[in-house]
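Participant: Numbered according to the working numbering, the sequence shown spans residues 1 to 987.
Sharing a structure here in structure tokens format.
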Amino acid sequence: MLIKRKYLFGTTILAGVMAVAAPALAQTAPTSSQQQDQRTSQSSNTQDSAELGEVVVTGTRIRNPEYTSASAVQVLTSENADARGIPDVAQALLNSTLAVSSFQLNDQLTGYVTAGGGGTQSVALRGAGPQRTLTLLNGRRAGPAGTRGQVQAFDLGVIPGGVLERTEILKDGASAIYGSDAVAGVINIITRRDLDGGSMNAFYSQPFEDGGEQLRLDASFGRTFERGYFNIAAEYAKTYIQRRGDRDYTSCTLDLLRDPITGQRLDYIDPITGDYKCYNLNTNYVSLLTTGQNIVRMQPGYTYPTALQGNNVRADLSTEWARFNRAGFPLTYQYTPSDHPLWREASVISPNERQSIFLSAGFDLTENVELYGEFLYNNRQSSQIGVAQVFQSFAQRNIVSGAGNFLPASNPNNPFGENVQTVAPYASSSFQDVDYYRGVIGLRGTFGDWDWDVYGQYSLSDADYNNGPRIYLDRFLALNSPNVACTNTPLGGNVSNFDCSALPGGIPWTSARVLAGDFTDAERNFLFFTENNTTTYDHAYIEGTISTPSLFTLPAGDVGAAFGVQYRKEEIDDTPGAQAILRNTALYTTSGRTAGSDTIKEAFAELDIPLLANMPWFDDLRLNLSGRLSDYESYGSSETYKVGLNWAVTPEVRFRSSYGTSFRAPALYEQFLGAQVGYQGQTIDPCYNYLENESIDPAVLAGCIADGANTTLGGSSVAVSSVGGRGVLTAETADNFTIGFVITPQTLPISVAVDYYEFTVNDAVSQLGATEIITRCYQGRTAFCDLYTRVGGTGADAGRLATVNNSYTNVSEQNNRGIDVQARWSEEYSFGRLTIESAHNFKLEDSEVIEGETTNFDGRTFNLGGPAYSGNLYMTLSRGDFSYFYGIDVIGSGSDVADQGGVIFGNSKYVAPNGVLYDFETPVWTTHSASIRYSNDAGWTASVGVQNLWDESPPIMGAANFRVGTAALNGYDMRGRRLSLRIGRRF
Numbered sequence: 001m002l003i004k005r006k007y008l009f010g011t012t013i014l015a016g017v018m019a020v021a022a023p024a025l026a027q028t029a030p031t032s033s034q035q036q037d038q039r040t041s042q043s044s045n046t047q048d049s050a051e052l053g054e055v056v057v058t059g060t061r062i063r064n065p066e067y068t069s070a071s072a073v074q075v076l077t078s079e080n081a082d083a084r085g086i087p088d089v090a091q092a093l094l095n096s097t098l099a100v101s102s103f104q105l106n107d108q109l110t111g112y113v114t115a116g117g118g119g120t121q122s123v124a125l126r127g128a129g130p131q132r133t134l135t136l137l138n139g140r141r142a143g144p145a146g147t148r149g150q151v152q153a154f155d156l157g158v159i160p161g162g163v164l165e166r167t168e169i170l171k172d173g174a175s176a177i178y179g180s181d182a183v184a185g186v187i188n189i190i191t192r193r194d195l196d197g198g199s200m201n202a203f204y205s206q207p208f209e210d211g212g213e214q215l216r217l218d219a220s221f222g223r224t225f226e227r228g229y230f231n232i233a234a235e236y237a238k239t240y241i242q243r244r245g246d247r248d249y250t251s252c253t254l255d256l257l258r259d260p261i262t263g264q265r266l267d268y269i270d271p272i273t274g275d276y277k278c279y280n281l282n283t284n285y286v287s288l289l290t291t292g293q294n295i296v297r298m299q300p301g302y303t304y305p306t307a308l309q310g311n312n313v314r315a316d317l318s319t320e321w322a323r324f325n326r327a328g329f330p331l332t333y334q335y336t337p338s339d340h341p342l343w344r345e346a347s348v349i350s351p352n353e354r355q356s357i358f359l360s361a362g363f364d365l366t367e368n369v370e371l372y373g374e375f376l377y378n379n380r381q382s383s384q385i386g387v388a389q390v391f392q393s394f395a396q397r398n399i400v401s402g403a404g405n406f407l408p409a410s411n412p413n414n415p416f417g418e419n420v421q422t423v424a425p426y427a428s429s430s431f432q433d434v435d436y437y438r439g440v441i442g443l444r445g446t447f448g449d450w451d452w453d454v455y456g457q458y459s460l461s462d463a464d465y466n467n468g469p470r471i472y473l474d475r476f477l478a479l480n481s482p483n484v485a486c487t488n489t490p491l492g493g494n495v496s497n498f499d500c501s502a503l504p505g506g507i508p509w510t511s512a513r514v515l516a517g518d519f520t521d522a523e524r525n526f527l528f529f530t531e532n533n534t535t536t537y538d539h540a541y542i543e544g545t546i547s548t549p550s551l552f553t554l555p556a557g558d559v560g561a562a563f564g565v566q567y568r569k570e571e572i573d574d575t576p577g578a579q580a581i582l583r584n585t586a587l588y589t590t591s592g593r594t595a596g597s598d599t600i601k602e603a604f605a606e607l608d609i610p611l612l613a614n615m616p617w618f619d620d621l622r623l624n625l626s627g628r629l630s631d632y633e634s635y636g637s638s639e640t641y642k643v644g645l646n647w648a649v650t651p652e653v654r655f656r657s658s659y660g661t662s663f664r665a666p667a668l669y670e671q672f673l674g675a676q677v678g679y680q681g682q683t684i685d686p687c688y689n690y691l692e693n694e695s696i697d698p699a700v701l702a703g704c705i706a707d708g709a710n711t712t713l714g715g716s717s718v719a720v721s722s723v724g725g726r727g728v729l730t731a732e733t734a735d736n737f738t739i740g741f742v743i744t745p746q747t748l749p750i751s752v753a754v755d756y757y758e759f760t761v762n763d764a765v766s767q768l769g770a771t772e773i774i775t776r777c778y779q780g781r782t783a784f785c786d787l788y789t790r791v792g793g794t795g796a797d798a799g800r801l802a803t804v805n806n807s808y809t810n811v812s813e814q815n816n817r818g819i820d821v822q823a824r825w826s827e828e829y830s831f832g833r834l835t836i837e838s839a840h841n842f843k844l845e846d847s848e849v850i851e852g853e854t855t856n857f858d859g860r861t862f863n864l865g866g867p868a869y870s871g872n873l874y875m876t877l878s879r880g881d882f883s884y885f886y887g888i889d890v891i892g893s894g895s896d897v898a899d900q901g902g903v904i905f906g907n908s909k910y911v912a913p914n915g916v917l918y919d920f921e922t923p924v925w926t927t928h929s930a931s932i933r934y935s936n937d938a939g940w941t942a943s944v945g946v947q948n949l950w951d952e953s954p955p956i957m958g959a960a961n962f963r964v965g966t967a968a969l970n971g972y973d974m975r976g977r978r979l980s981l982r983i984g985r986r987f
């Protein structure tokens, strides 16, 4: 199967309640009465905030409320999200057309290692990865939050919804304005400053089936007075776990395979249930390594096949054990031990609780100078409930000390007389407790036509996390050593200072009890451990800006300008627990400490130049120029620029275009990641079985021979380390281009915007992988030859691959092209005001180029790049105190057929002379929602709605796909139909 490519990219967008409303049009100049009404209805608070000394407009540093962006800006409003039953902006953005058709780091990824750690809510605009989307809070760069060594993005769950005014999404690169990371776009979270009173709100969402409930309680209060303002808000939010067993489509992993000629379903029937067999997680069995058989204890209810039918288990075992999963013998697959209850208890939607407090205030020191500040605190407690397997694999000890990956035949707890491997389940979960602090203090004011702002910001993400039960590697080996049930001196040493007197009889690995995962307290206390790990991320900077809407005057109007400087420092320190640092953890990747910092100095400038105005064909023509110089301690300097042209042909027709460069500096984790060591099989070696490989590259063949590579099959695990690339990495660079038009007829209540976009990311940071590293070495690129080692000596393993240093490097090019289409109709009728909004994204290209080889991921399933289309249609009727909403959201079809090389393959599991038909496609997927909202002059609001009105299940996918159960991941609704209630009071 292909690597799930998007994991490499993600390896963020808002809190509160927001959704799509009149997207790019809100930033178009109000050249008609319809536009003026639209701008007033969507951004009325912008003018109120101007009275308090600040205007925030995404895409420019020029503080001018009449600024018209040459780049498309999408505005998200809380009213629309409320109508759709969405409790926070992260979910609203994940479901927006800018994100929903691309792989995202969301709460459906239990069991996967993700950047930022479990529980983090991040969004990747255009599917380019959250590290290429910049998030701002009130126009200021927001510091990252999360756990583990790969913290990279702002956690959008930290902002209380009660203080949110709007969210603006700049759908274009903007490094010249905002600096690093603004490659695919910019998210700007804008909070209220005009509260003069308070509000309290309660939201609850209840699926029609158990699991996945959501609760949010928030309160806010503020005052504006003659010389200032203050606002305070608090929020409590909780997402309840949804387990795999809570839904039919996630509780059973069916093969869903068919005969390609007849279409007949090939899946086996489970004799116990009478339904198709679930292949969730294989546990509760023993592998006989000398005999080469997988065996399971017989149980009532099954009729076991004979030896001729495949069950040729050793004669001395035939009364208690049966052979299963023997290739070419279909009857041996019907009793595969693959449906342990722990698997169904694992989470599909991860539970979390958040508490947030937000405070903002401003005070006029003089008529022209304001002292202001912001403070944010958020605590998140989240978990991912999972299940794992215990089996004899000793990785490090195998490589370093020669320990075999098996329970030796001479071990007293091995009754089979040959080396075996036992497989049992155990609960394996992850937990995070993250405190996030952010403070801003500054002075801003005016002198003449100039605005100025000087401020400092500091944020700290301070997290504890643990990865649930893990297994001591030294103790695991001590219990699986030759001749004794437990030894105090296992190969590799007694690292955890244990004493076998605590478990003198060892663990009866092959007993029915242990194979079922039922360990005694003494066994658990000896073998398993949990330990806390810590992650801190400090993000601090000082910035000063000056701007004016009138630097000087040209015949067509005033020239606007902005200038600024910034000094920033970021620092990460991820410290794993003692056993992880000592590499004394079995069966899981281990990591060292990730610690390092970077210091950045930047200067930027922007000009907005009117070229022509009030002329035929040129109602208004403006040129926007911006540039930025960035100096990073880590790699050096970057220069970026952007040119934007905004041409209003008439007050009704406007064209806009921009071209510029963006960049992304290497993230701290990419520079300083402490060696994460995992273990893979010898098959990652391009020399594996090279004498039988007729298609091997001649240069690689010559390298294998010269290297003395081993020519036999099998072998111990390979230690593959992922480490930071400080001193090697350079910044990613990007070229961005957009062109589009906006139509706002004066005679019709409609607005339409169409924008084409493209961007190319050069020198994208990623990891090559072991195979590519060794291949490059043999092809003459000697810099890669120091990144791997082979086993020396003359033993049986001599020449096998031993270690690979798979460090981060600038390796690839990414290309994205597409079209955004948005429209809005709003008019008053005798029956009320009807508003119809629609947004669509069409991907034209989503590709990656490595070493001149291009792979296109456009139009795939979420296993790769995601579908090529997403869209929505929202209709709202407002009549008196009531408003009625109906919405439709669509994700396009996806297909991985070309990437997989077809749909018909051989499969030894089934007797299928015609081959087996796989399904690598997902259909167009549509959900509907409806709601009714009531509000009155006394300040009360209430709404009730049904989301996923027709209870649309996620697309069903069979074997060899990215799924949980049979439900395709990861942009689809896993909850199903649900009822939402919201009640609020303003005072």
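Ideal Cβ positions, reconstructed from N, Cα and C, are used throughout, including at glycine.
By alpha-carbon positions, which one of 327, 336 and 217 ends up nearest to residue 303?
Facilitator: In the sequence shown, the residue the question calls residue 303 occupies position 303. Of 327, 336 and 217, the residue nearest in Cα terms is 336.
Participant: So what does DSSP say about residue 549, is it helix, strand or coil?
Facilitator: As a working note, residue 549 is residue 549 in the sequence shown. Three-state result, residue 549: strand.
Participant: Run through DSSP, which three-state label would residue 379 get?
Facilitator: Taking the first residue of the sequence shown as 1, we reach residue 379 at position 379. Residue state, collapsed to three classes: strand.
Participant: Where do the N-terminal and C-terminal ends of the beta strand (DSSP E) with residue 515 fall, by residue?
Facilitator: Position 515 of the sequence shown, counted from the first residue, corresponds to residue 515. Unbroken run through residue 515 is the alpha helix (DSSP H), 512–515; no beta strand (DSSP E).
Participant: With burial defined as no fewer than 16 other Cβ atoms inside 10 Å of the residue's Cβ, what is the status of residue 989: buried or exposed?
Facilitator: Within the shown structure, residues of the chain are numbered from 1 to 987, placing residue 989 beyond reach of any answer.
Participant: Alpha carbon to alpha carbon, what distance is there between residue 921 and residue 896?
Facilitator: Numbered from 1 along the sequence shown, position 896 holds the residue referred to as residue 896. Numbered from 1 along the sequence shown, position 921 holds the residue referred to as residue 921. C-alpha separation (whole angstroms): 6 Å.
Participant: Can you find the residues in the same chain that come closer than 8 Å, C-beta to C-beta, to residue 160, ignoring five residues on each side of it along the sequence?
Facilitator: Counting from 1 along the sequence shown, the entry for residue 160 is found at position 160. Once the five neighbours on either side are set aside, the close Cβ partners of residue 160 are 15, 16, 218, 220, 233, 234, 235, 356, 357 and 358.
Participant: Does residue 973 come out as helix, strand or coil in the three-state DSSP assignment?
Facilitator: Along the sequence shown, read from residue 1 onward, the residue named residue 973 stands at position 973. Coil.
Participant: Among 792, 840, 212 and 258, which has the Cα closest to the Cα of residue 348?
Facilitator: Taking the first residue of the sequence shown as 1, we reach residue 348 at position 348. Minimum Cα distance to residue 348 is reached at 212.
Participant: Could you tell me if residue 376 is buried or exposed, where buried requires 16 or more neighbouring beta carbons within 10 angstroms of its beta carbon?
Facilitator: The count along the sequence shown starts at 1 and reaches residue 376 at position 376. Burial call: buried.
Participant: Give every residue of the same chain whose Cβ lies closer than 8 Å to the Cβ of residue 585, excluding the five residues on either side of it in the sequence, and list them in chain order.
Facilitator: Here residue 585 refers to the residue found at position 585 when the sequence shown is read from its first residue. Result list for residue 585: 470, 471, 472, 473 and 579, in chain order.
Participant: Tell me, to the nearest whole angstrom, how far the beta carbon of residue 411 is from that of residue 480; I am working on the premise that it is less than 8 Å.
Facilitator: Here residue 411 refers to the residue found at position 411 of the sequence shown. Here residue 480 refers to the residue found at position 480 of the sequence shown. With 8 Å as the limit, residue 411 and residue 480 qualify as a contact, their Cβ atoms being about 6 Å apart.
Participant: Thinking just about the alpha-carbon of each residue, which of 148, 153, 136 and 196 is nearest to the one in residue 168?
Facilitator: On the sequence shown, position 168 is the one that residue 168 refers to. Comparing Cα positions, the closest option is 136.
Participant: Do you know how far the Cα of residue 654 is from the Cα of residue 646?
Facilitator: Working through the sequence shown from its first residue, we reach residue 646 at position 646. Working through the sequence shown from its first residue, we reach residue 654 at position 654. One C-alpha to the other measures close to 7 Å.
Participant: Within 10 angstroms of the Cβ of residue 44, are there 16 or more other Cβ atoms? Answer buried if so, exposed if not.
Facilitator: For this step, residue 44 is matched to residue 44 along the sequence shown. Unreliable positioning characterises residue 44 in this predicted model, as indicated by a pLDDT of 34, which lies under 50. A coordinate reading is not provided.
Participant: Let's test the definition: count the other Cβ atoms within 10 Å of the Cβ of residue 632 and tell me whether it reaches 16, buried, or not, exposed.
Facilitator: Residue 632 sits at position 632 when you count from the first residue of the sequence shown. Looking at its Cβ environment, which holds 16 or more other Cβ atoms inside 10 Å, residue 632 is buried.
Participant: When the Cα atoms are used, what is the spatial distance from residue 307 to residue 815?
Facilitator: For the purposes of this step, residue 307 is identified with residue 307 of the sequence shown, where counting begins at 1. For the purposes of this step, residue 815 is identified with residue 815 of the sequence shown, where counting begins at 1. Near 56 Å, if we compare the C-alpha coordinates of residue 815 and residue 307.
Participant: Would you tell me roughly how many angstroms separate the C-alpha atoms of residue 229 and residue 361, rounded to the nearest one?
Facilitator: Within the sequence shown, numbered from 1, the residue matching residue 229 stands at position 229. Within the sequence shown, numbered from 1, the residue matching residue 361 stands at position 361. Their Cα atoms are separated by approximately 5 Å.
Participant: Would you mind listing the beta strand (DSSP E) stretches within the segment 592–630 that are 3+ residues and don't spill past its ends, in chain order?
Facilitator: Listed in chain order, they are 594–615.
Participant: Would you call residue 58 buried or exposed, if buried means 16 or more other Cβ atoms sit within 10 Å of its Cβ?
Facilitator: Reading the sequence shown from its first residue, position 58 is the one you call residue 58. By the 10 Å Cβ count, residue 58 comes out buried.
Participant: With a threshold of 8 Å, are at least 3 pairs of Cβ atoms found where one atom belongs to the segment 709–718 and the other to the segment 778–786?
Facilitator: These segments do not touch.
Participant: Express the C-alpha separation of residue 871 and residue 550 in angstroms, rounding to a whole number.
Facilitator: For the purposes of this step, residue 550 is taken as residue 550 along the sequence shown, with counting starting at 1. For the purposes of this step, residue 871 is taken as residue 871 along the sequence shown, with counting starting at 1. In a straight line, the C-alpha of residue 550 is about 40 Å away from that of residue 871.
Participant: In the DSSP assignment, find the unbroken beta strand (DSSP E) run with residue 367 in it and report its ends.
Facilitator: Here residue 367 refers to the residue found at position 367 of the sequence shown. Run containing residue 367: none; DSSP gives neither H nor E here.
Participant: With C-beta atoms as the reference, is residue 352 less than 8 Å away from residue 530?
Facilitator: Residue mapping note: residue 352 aligns to position 352 of the sequence shown, counting from 1. Residue mapping note: residue 530 aligns to position 530 of the sequence shown, counting from 1. Going by C-beta atoms, residue 352 is not nearer than 8 Å to residue 530.
Participant: Have a look at residue 953 and residue 804 and give me their C-alpha separation to the nearest angstrom.
Facilitator: Against the sequence shown, residue 953 aligns to sequence position 953. Against the sequence shown, residue 804 aligns to sequence position 804. Whole-angstrom Cα-Cα distance: 43 Å.
Participant: From residue 99 to residue 123, what distance separates their C-alpha atoms?
Facilitator: As a first step, residue 99 must be located in the sequence shown, where it is residue number 99. As a first step, residue 123 must be located in the sequence shown, where it is residue number 123. When rounded, the distance between both Cα atoms is 7 Å.
Participant: Assuming contact is defined by CB atoms lying nearer than 8 Å, are residue 424 and residue 506 in contact in what I supplied?
Facilitator: Numbered from its first residue, the sequence shown carries residue 424 at position 424. Numbered from its first residue, the sequence shown carries residue 506 at position 506. It is not a contact, given that the beta carbons lie outside the stated cut-off.
Participant: With H, G and I counted as helix, E and B as strand and the rest as coil, what does DSSP make of residue 800?
Facilitator: Taking the sequence shown and counting its residues from 1, one reaches residue 800 at position 800. In the structure shown, residue 800 sits in coil (DSSP, three-state: anything other than H, G, I, E or B).
Participant: Assign residue 720 to buried or exposed, taking buried as 16 or more other Cβ atoms, counted over all protein chains shown, within 10 Å of its Cβ.
Facilitator: Locating residue 720 in the sequence shown gives position 720, counting from the first residue. Buried, since its Cβ has 16 or more Cβ neighbours within 10 Å.
Participant: Measure the alpha-carbon distance for residue 880 versus residue 829 and round it to whole angstroms.
Facilitator: Within the sequence shown, the letter at position 880 stands for residue 880. Within the sequence shown, the letter at position 829 stands for residue 829. Going by the C-alpha atoms only, they are around 12 Å apart.
Participant: Would you check if the distance between the CB atom of residue 703 and the CB atom of residue 757 is smaller than 8 Å?
Facilitator: Numbered from its first residue, the sequence shown carries residue 703 at position 703. Numbered from its first residue, the sequence shown carries residue 757 at position 757. For residue 703 and residue 757, no; Cβs fall outside 8 Å.
Participant: What's the call for residue 617, buried or exposed, on a 16-neighbour Cβ count within 10 Å?
Facilitator: By one-based count along the sequence shown, residue 617 stands at place 617. Exposed, since its Cβ has fewer than 16 Cβ neighbours within 10 Å.
Participant: My understanding is that residue 982 touches residue 368, with C-beta atoms under 8 Å, so please give their C-beta distance in whole angstroms.
Facilitator: As a working mapping, residue 982 is identified with position 982 in the sequence shown. As a working mapping, residue 368 is identified with position 368 in the sequence shown. Wrong, their Cβ atoms sit about 42 Å apart, outside the cutoff.
Participant: Alpha carbon to alpha carbon, how far is residue 841 from residue 449? Give it in angstroms, no decimals.
Facilitator: Position 449 of the sequence shown, counting from 1, holds the residue named residue 449. Position 841 of the sequence shown, counting from 1, holds the residue named residue 841. C-alpha separation (whole angstroms): 40 Å.
Participant: Where does residue 52 fall in DSSP's three states?
Facilitator: Position 52 of the sequence shown holds residue 52. Note that residue 52 scores a pLDDT of 32, beneath 50, so its modelled location is shaky; the value from the coordinates is reported in the next line. Reduced to three states, the DSSP call for residue 52 is coil.
Participant: Can you tell me the Cβ-Cβ gap for residue 477 and residue 394, rounded? I've got them flagged as a contact below 8 Å.
Facilitator: What you label residue 477 is simply residue 477 of the sequence shown in a count that begins at 1. What you label residue 394 is simply residue 394 of the sequence shown in a count that begins at 1. Confirmed, about 5 Å.
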